[in-house]
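Number of protein chains: 2
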Amino acid sequence: MSSCDLCVVRNRAICSALDGSEIEALNAIGRRRNLKAGESLIWEGEDSVLVANVIEGVLKLSTGTEDGREQIVGVVYPSEFIGRPFGGTSGHGVTALTDARVCVFARRDFDAFAREHPKLEHKLLERTLGELDRTRRWMLLLGRKSASEKLASFLLELSERMTPVGCETDFEEPGPKRLELPFSRQQIADVLGLTIETVSRQFTRLKAEGVIDLPSRREVVILDPDALTAEAG
Amino acid sequence: MSSCDLCVVRNRAICSALDGSEIEALNAIGRRRNLKAGESLIWEGEDSVLVANVIEGVLKLSTGTEDGREQIVGVVYPSEFIGRPFGGTSGHGVTALTDARVCVFARRDFDAFAREHPKLEHKLLERTLGELDRTRRWMLLLGRKSASEKLASFLLELSERMTPVGCETDFEEPGPKRLELPFSRQQIADVLGLTIETVSRQFTRLKAEGVIDLPSRREVVILDPDALTAEAG
DNA sequence: CGGCAATTTGACTATCCTCAACAGGGGTGG
DNA sequence: CCACCCCTGTTGAGGATAGTCAAATTGCCG
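Chains as they are written, first to last, in this note's numbering: chain A, 711 to 943; chain B, 711 to 943.
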């Protein structure tokens with residue numbers, strides 16, 4: 711029996727494009743791997759040798775300048791795909807933000823498999839198009855939004871993406887929403903193109919205004935989603 | 711005879727994945743269209759109804775906030791692909807920066823055709839992955855670079871992309887390089903996440919330092935590419 | 001209870017934005 | 001053919017937002 715049968719993301723990952731025997735074949739060329747928080751799977755600028763599906767945990771995609779400035783260019787959640795198929799070098803590093811479990815493939819093996827399975831390539835294309843849309847929307851935030859708009863937008867997007875779609879309740883209950891942050895303040899700054907001090911000040915201000923609560927450094931409670939939406943610009 | 715046989719981007723566009731009879735079939739569902747500079751092909755937020763290949767000219771992809779701030783999220787050159795296949799709404803508008811000629815398809819027709827031609831989908835996937843890489847690199851610029859680094863990076867990228875690869879000379883001659891800008895100052899500002907005044911001041915400064923020359927508003931001559939690279943961060 | 005790292009807060013500064021006036025140059029009409 | 005006009009771009013002055021540097025605080029872990 712393939713370990714995929716028990717996989718919690720089996721029906722949401724790109725694997726969902728495949729039937730039983732195909733899954734079996736894909737499983738044969740992949741393997742599970744556990745990552746500790748802070749551990750990297752792929753480094754910026756190296757040849758693309760690995761691709762992977764995220765089973766559990768949150769990872770960041772990041773790139774930086776020579777003098778040490780960093781920008782997080784993407785955040786990857788369970789069931790999402792990591793890596794650069796079809797040649798080239800990886801333009802960004804991939805690092806676990808939390809402990810994580812991934813299903814990795816040698817890129818050459820994955821490429822060959824994908825080319826023989828158009829349904830898989832189609833799924834990957836749909837994902838990639840969606841990711842491109844999301845990334846472009848983020849450019850508006852980076853290029854044109856103020857610090858307060860940036861943090862508000864960040865918290866709203868996080869609250870959407872941390873809740874997998876169709877998870878039990880179809881309708882959103884209006885009460886306060888608790889979020890576990892997979893990011894340090896520095897990492898939030900690196901997502902938003904700000905400094906850690908500015909991020910901290912914006913958190914403090916939102917809390918003072920009663921829009922959010924901060925029970926601990928790694929938790930946020932959204933008390934007033936409408937106010938947050940208004941702040942997001 | 712299909713009009714594709716005479717198409718100048720026939721061998722560089724995604725069409726290059728197809729053989730003669732397939733091209734014929736694709737041609738049957740598409741049509742040429744001319745755009746004047748400033749004319750829009752797709753509007754932000756509308757249902758995705760069109761996709762297209764660019765034959766000639768330069769187009770921008772842009773999105774904005776409710777209060778009128780704009781961010782250009784992509785620039786499209788000849789042989790490149792436009793639009794959002796496989797459902798959803800278009801997250802950004804598409805507008806011609808110069809007079810342009812495109813080869814348009816109804817999205818539904820294109821989707822159906824693509825699903826029956828895995829080679830085409832594969833080509834589209836490679837393109838989309840490349841575009842995602844480029845877009846993510848641009849996020850570093852938007853989030854972390856200073857105004858002077860932004861403009862220098864912009865001019866360098868422009869000089870690369872305005873010169874199609876393998877165009878006559880394989881090696882780069884070291885002399886000054888002349889660029890025709892398909893952008894107004896405002897559009898450059900919208901690409902870089904700056905104001906028009908800041909862009910103008912940076913141009914003036916680069917000219918004063920002898921790094922570039924500005925024969926007219928729509929022309930730039932790169933006098934010292936190394937200095938520009940150094941400025942780009 | 002101490003030690004250490006992450007975060008917050010404070011004071012000051014720099015970069016970039018805003019508002020305003022001016023300049024240039026391409027096209028039109030006299 | 002020249003003068004004028006309008007749009008785009010440039011320049012200038014002043015201000016605001018976010019960055020920098022430094023110190024205080026928190027809270028986590030042994």
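Cβ atoms here follow ideal geometry from the backbone N, Cα and C, with glycine treated the same way.
| query | result |
| --- | --- |
| Alanine 762 of chain B - partner residues in DSSP beta bridges | B:Ile792, B:Val814 |
| Every unbroken beta strand (DSSP E) inside the region 899-934 of chain B [3 residues or more] | 922-926, 929-932 |
| Any C-beta of chain B under 8 Å from that of leucine 839 of chain A | yes |
| Minimum Cβ-Cβ distance from tryptophan 848 of chain B to chain A less than 8 Å | yes |
| For glycine 885 of chain B, the three-state DSSP class (helix, strand or coil) | coil |
| C-beta neighbour in chain B for aspartate 821 of chain A, strict 8 Å | no |
| Under the three-state DSSP convention, the category serine 772 of chain A falls into | strand |
| CB contact check: arginine 817 of chain A to chain B, cutoff 8 Å | no |
| Cβ pair leucine 842 of chain B, isoleucine 724 of chain B closer than 8 Å | no |
| Where proline 935 of chain A meets chain B, residues with beta-carbon distance less than 9 Å | In chain order: nothing, as chain B lies at least about 18 Å away. |
| Stretch pair the region 810-827 of chain B + the region 750-762 of chain A: three plus CB contacts closer than 8 Å | no |
| Cross-chain neighbours of proline 828 of chain B in chain A, by beta carbon under 7 Å | Pro828, Glu831 |
| Residue range of the unbroken alpha helix (DSSP H) whose run includes alanine 727 of chain A | Run containing alanine 727 of chain A: none; DSSP gives neither H nor E here. |
| Endpoints, the beta strand (DSSP E) within which alanine 857 of chain B is located | Element bounds for alanine 857 of chain B: not the beta strand (DSSP E) but the alpha helix (DSSP H), 857-871. |
| Assigned exposure category for aspartate 982 of chain B - 16 Cβ within 10 Å defines buried | Because chain B spans 711 through 943 in this model, residue 982 of chain B falls outside it and cannot be assessed. |
| 8 Å Cβ cutoff, valine 761 of chain B in contact with chain A | no |
| Collapsed DSSP secondary structure at glycine 840 of chain B in the structure displayed | helix |
| Reference proline 839 of chain A, options B:Val814, B:Phe796, B:Arg871, closest by Cα | The sequence as given places leucine at residue 839 of chain A; proline does not occur at that position. Checking every option, the nearest Cα to that of leucine 839 of chain A belongs to B:Phe796. |
| Whole-Å CB distance - valine 921 of chain B paired with leucine 938 of chain B, under 8 Å assumed | 6 Å |
| Residues that glutamine 912 of chain A contacts on chain B, provided the C-beta gap is smaller than 7 Å | The premise fails here: glutamine 912 of chain A is roughly 16 Å from chain B at the closest Cβ pair, so nothing lies under 7 Å. |
| Segment limits, beta strand (DSSP E) that includes valine 804 of chain A | 803-806 |
| For leucine 834 of chain A and glutamate 790 of chain B, the rounded distance between their alpha carbons | 20 Å |
| Within-8 Å CB hit, glycine 853 of chain A to chain B | yes |
| Buried versus exposed call for glutamate 941 of chain A [16 or more other C-beta atoms within 10 Å across all chains shown] | buried |
| Contacting residues, own chain, Cβ-Cβ under 8 Å from serine 863 of chain B (five flanking each side not counted) | Leu851, Lys855, Ala942, Gly943 |
| Given leucine 771 of chain A as reference, the closest of A:Arg743, A:Val804, A:Arg847 once Cα atoms are compared | A:Val804 |
| Exposure label - asparagine 763 of chain B; buried when at least 16 CB within 10 Å | buried |
| Nearest-angstrom Cα separation, counted from glycine 774 of chain A out to proline 828 of chain A | 35 Å |
| CB-CB length for valine 761 of chain A against glycine 793 of chain A, believed under 8 Å | 3 Å |
| Anticipated Cβ contact below 8 Å, isoleucine 765 of chain A with valine 812 of chain A, distance rounded | 6 Å |
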